[in-house]
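Under the working numbering, residues 100 to 305 are what the sequence shown spells out, in order. Down below is the structure, laid out as structure tokens.
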Amino acid sequence: MCDIRRINRLKATSKKFTAALSEIDPSELISKDHVTKTGLTFTDMAEKLEKIKSCSSIIELKSDFIQVNDSFEQVMKVSAANFCKQPSVCPICADRSQARRRVRFDSPIKEQARLVEQGKRHAYIVTQTITDTDNLGERLEALKEANKNFRKMGQRRRNGKRSTGEAGKYVAAISSIEVKRGSGSGQWHIHNHALVFTDEQIDFRV
Ligand SMILES: [Zn+2]
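Dropping the structure here:
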């Protein structure tokens, strides 16, 4: 897909999201003198929302020529823009940071996949989930803590042996947390998706 078409599509999603947010009166949710854990004031958050709204409103294009059979085709690519740099909430910036991650993790994942083909690794998709509630921050912390405890169960101990735990079989893994509203409950539903490579088969009974 062409860069500009992709940005347009993501911008449409972003517009829907920011329009929905603009309909909410934030002062009904939090008081004007509220300061977040990371030190953001009410005005800081309003400014951030404005930045997300105007993300990629100015873009600089450069043209490239690619060979298609016997002829050349001109392709326009985005070379710079006023990105808001808020990847956790802006679809355009999330897409950009995802592309960077893809480049970073592509070859290590392929390397592990080759070892799976050679029978030296096992591959799994592991999903961890947690009960839905209304407190997003608390849910995220609880999921991260539970995941940490699960991984600790497989850690190497001082005597060189591993403690019992299936996570001890992990040799490589990559994960991301997905956050959404539960369709039935309307509460925060979060889960952790992981691609895991192990040196031994995981025992599902454990
Ligand atoms: Zn953005």
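Each residue gets a CB set at the ideal place from its N, CA and C atoms; glycine is no exception.
The bridge partners DSSP lists for A179 are E159.
Ranking A118, I273 and G138 by CA distance to the CA of Q211 puts I273 first. Judged by DSSP secondary structure, L139 falls outside any beta strand (DSSP E); it is assigned neither H nor E.
Counting along the chain, V278 sits inside the beta strand (DSSP E) bounded by residues Y269 to R280.
Bounds of any alpha helix (DSSP H) do not take in Q286, whose DSSP letter is neither H nor E.
S282 and T137 have their C-alpha atoms spaced approximately 30 Å apart. Straight-line measurement puts the Cα of K110 at about 14 Å from the Cα of Q185. Apart from the 5 residues on each side of it in sequence, S153 sits with its Cβ closer than 8 Å to the Cβ of N181 and C183 in its chain, given in chain order.
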